[in-house]
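In our numbering, the protein residues as written are -6 to 232.
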């Protein structure tokens, strides 16, 4: 039996990069994946690839995390509740906004707002909106995808590092608030240097051989979403 058999899991940022590969890995492990992204055509390609592989048919929802407020998050939750007949067993917050490495002198308020909106506020809004569904699951896992500079501040990482540091805080707060729910857990995973579009953008001079592949980290993403990780919560895990 596949590790995620009969689970229904949301993956944000599912149209490319880590989100795309996590979604495909979860589908291969038996999960019904709910793809959330703002790039419709890219997301449709991920949807088609999952269906063509013979995995459980996913859901695909075009949704803009940058502009969403409570009303939009609540409507999304209502839509998914109806589509899945009230079943949800996890969320993986892969969506991320990264502008560019630069001194603070060249970073703008607008850049910081966008990074916090996608990297911190959207995971809060989604998790809050879907908490009632998650609490109904016999085993639910929420995964926040962070970055090493969230714990090790460094020049030029400014708004991105700060927004990911806030994400770590959010994940630990949620884990603490869910302590009385043994069926719920929340953890922060740090993939490290993987061969993703974001890594290529932040480290353009880095050789591909210096990076891990998606396949190096996907088994751990599956494990942390599975029942095997039950009882582990509030952790920051470097993959």
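Just so it is clear, CB atoms sit at the ideal spot from N, CA and C, and this is done for glycine as well.
Just so it is clear, the structure is predicted and the values come from calculations on it, not from any experiment.
Considering only the alpha carbon of each residue, which of the options lies closest to residue i?
{"i": "residue 44", "options": "226, 183, 18", "result": "18"}
{"i": "residue 49", "options": "58, 56, 39", "result": "39"}
{"i": "residue 168", "options": "181, 156, 26", "result": "181"}
{"i": "residue 245", "options": "20, 53, 219", "result": "An answer regarding residue 245 cannot be provided, because it is not within the stretch -6 to 232 covered by the chain."}
{"i": "residue 225", "options": "134, 155, 162", "result": "134"}
{"i": "residue 239", "options": "65, 161, 172", "result": "Outside the shown range of the chain, which is -6 to 232, sits residue 239, and nothing can be said about it."}
{"i": "residue 27", "options": "205, 16, 34", "result": "16"}
{"i": "residue 149", "options": "173, 99, 112, 121", "result": "99"}
{"i": "residue 46", "options": "229, 21, 68, -4", "result": "21"}
{"i": "residue 10", "options": "216, 59, 91, 78", "result": "91"}
{"i": "residue 127", "options": "56, 7, 176, 211", "result": "176"}
{"i": "residue 174", "options": "187, 130, 110", "result": "130"}
{"i": "residue 86", "options": "223, 212, 157", "result": "157"}
{"i": "residue 178", "options": "110, 132, -3", "result": "132"}
{"i": "residue 111", "options": "60, 14, 171, 209", "result": "60"}
{"i": "residue 219", "options": "8, 42, 155, 84", "result": "84"}
{"i": "residue 97", "options": "137, 155, 23, 72", "result": "155"}
{"i": "residue 166", "options": "227, 214, 137", "result": "227"}
{"i": "residue -1", "options": "172, 80, 207, 14", "result": "80"}
{"i": "residue 171", "options": "206, 125, 144", "result": "125"}
{"i": "residue 136", "options": "8, 222, 108", "result": "222"}
{"i": "residue 36", "options": "108, 103, 8", "result": "8"}
Just grab the DSSP bridge partners of residue i for me.
{"i": "residue 137", "result": "86, 181"}
{"i": "residue 30", "result": "55"}
{"i": "residue 231", "result": "183"}
{"i": "residue 25", "result": "1"}
{"i": "residue 205", "result": "187"}
Hey, residue i and residue j are a contact pair by Cβ (cut 8 Å); roughly how many whole angstroms apart?
{"i": "residue 5", "j": "residue 82", "result": "About 15 Å separates the two Cβ atoms, so there is no contact after all."}
{"i": "residue 51", "j": "residue 25", "result": "6 Å"}
{"i": "residue 63", "j": "residue 118", "result": "7 Å"}
{"i": "residue 229", "j": "residue 139", "result": "7 Å"}
{"i": "residue 56", "j": "residue 29", "result": "5 Å"}
{"i": "residue 159", "j": "residue 113", "result": "4 Å"}
{"i": "residue 231", "j": "residue 185", "result": "6 Å"}
{"i": "residue 88", "j": "residue 58", "result": "6 Å"}
{"i": "residue 215", "j": "residue -4", "result": "6 Å"}
{"i": "residue 70", "j": "residue 122", "result": "4 Å"}
Following the continuous beta strand (DSSP E) through residue i, name the residue where it begins and the one where it ends.
{"i": "residue 1", "result": "1 to 5"}
Name the two residues that bound the continuous alpha helix (DSSP H) containing residue i.
{"i": "residue 165", "result": "151 to 170"}
{"i": "residue 66", "result": "63 to 76"}
Taking 9 Å as the threshold (beta carbon to beta carbon), is residue i in contact with chain C?
{"i": "residue 123", "result": "This model lacks chain C altogether, as it is built from one protein chain only."}
Subject >> Length-filtered (4 minimum) alpha helix (DSSP H) runs lying within the region 96 to 145 >> reply: 102 to 109, 115 to 129
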